[in-house]
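Sequential numbering from 1 applies to the sequence shown in my numbering. C-beta: ideal position from N, C-alpha, C; glycine also. Written out below as structure tokens is the structure these notes cover.
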Amino acid sequence: MRKTLICIAALLIGAASVFAQNKEAYDYTGRFNVSVQGGMSYSLSENHFGYYDNHRVKDLFNLQGSVSLGYDFSPAFGLRLNVNYGKNSAACNIRETADHVFRPYDFSNIDFFADAMLNLFGMTEETGPFAIKLYAGLGWAYTFGFSDPEHPWQDLHQTNGSLGMRLGGIFEYDFKSGFGIFVDVSGAAYTDRYNGLEPENEDQEAFNGYAGFPFDLKAQLSLGVIYHF
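Here it is in structure tokens:
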């Protein structure tokens with residue numbers, strides 16, 4: 001009986017030791033990380049209804065990619081600096097133009113964001129290979145490379161700087177080597193000149209059918225790999 005109790009105690013001590021090592025292996029406090037990710041974005045701005053009216057919704061989806069540098073202050077809290085590049089789709093206003101011709105255009109973006117990261121499992125000290133992270137970020141975006149929609153009177157601003165804000169979530173699985181894989185889902189809002197159009201109050205008051213929403217929106221879904229140093 002005594003030997004049996006000693007064996008059980010040894011097993012419990014060993015299991016606790018292994019569990020502690022596992023928790024320590026996934027505690028990245030005080031460590032940097034780098035990540036690369038890519039996927040799809042969906043654009044939503046003033047004149048997106050033109051894509052729906054002309055059965056071109058699929059053109060609102062575009063490829064995008066980004067790289068990030070992060071740092072974990074604790075198991076729960078971290079910071080990420082992110083640079084994103086992608087293509088985008090927009091359109092001039094079809095309902096305010098006499099011929100009602102659909103005039104889409106595309107453009108490129110480079111976005112810079114600083115994201116505050118919250119690891120939900122880190123808050124409960126249940127660190128392990130799987131993590132669910134929420135984040136909120138502020139940033140600045142530069143848009144350029146606009147194609148010509150050949151609109152008779154609506155002009156595009158060819159290079160633009162816009163403020164941005166976003167919310168997102170990450171589902172991450174890490175290996176003991178420090179490498180991990182993740183899915184990142186986010187939604188961002190940019191000041192109105194992001195897509196090259198900045199409607200004035202006169203435009204919104206004089207015509208029907210103009211959304212006049214003060215932000216350009218974008219949703220993103222991407223897959224990525226991360227390495228914790």
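* Got a sec? Which residues, its chain only, sit under 6 Å from Thr97 by beta carbon, not counting five neighbours each side? -> Result list for Thr97: empty, nothing under 6 Å.
Point to revise | Proximity to Phe215 [Cα-Cα], best of Phe61, Ala76, Thr191 | key: Thr191
Going by CA-CA distance only, name the one from Val183, Val185, Ala141, His157 that's closest to Met165. Ala141
Taking the straight line between their C-alpha atoms, what separation do you get for Phe49 and Cys92? 10 Å
- Item | For Lys176, the three-state DSSP class (helix, strand or coil) | DSSP, read as helix, strand or coil, puts Lys176 in coil.
State the Cα-Cα distance for the pair Asp106 and Gly187, rounded to the nearest angstrom.
20 Å
- prompt: Does the region 151-162 come within contact of the region 125-134, defined as at least 3 CB pairs closer than 8 Å?
  reply: no
Nearest residue (CA-CA) to Pro75, options Asp184, Ser162, Gly122, Leu163 = It is Gly122 whose Cα lies nearest to the Cα of Pro75.
Margin query: Can you tell me whether Gly122 is helix, strand or coil according to DSSP?
Written below: helix
With C-beta atoms as the reference, is Leu118 less than 9 Å away from Leu156? No.
Residue range of the unbroken beta strand (DSSP E) whose run includes Tyr227: Counting along the chain, the beta strand (DSSP E) containing Tyr227 begins and ends at 215-228.
**Q.** Cβ-based burial, Tyr194 [other Cβ within 10 Å; buried from 16]
**A.** buried
Round the Cβ separation of Ser89 and Phe144 to the nearest angstrom and send it over; I've been treating them as touching at under 8 Å. Contact doesn't hold; Cβ gap of about 15 Å is too wide.
- prompt: When the distance is taken between beta carbons, is Ser68 closer than 9 Å to Asn54?
  reply: no
Going straight from the alpha carbon of Gln220 to that of Asp72, what length do you get? 24 Å
Minimum C-alpha distance to Tyr261 - residue among Tyr85, Phe175, Gln37
Residue numbering for the chain in the displayed model covers 1 to 229; residue 261 lies beyond these limits and cannot be assessed.
query = According to DSSP, is Ala76 helix, strand or coil?
reply = coil
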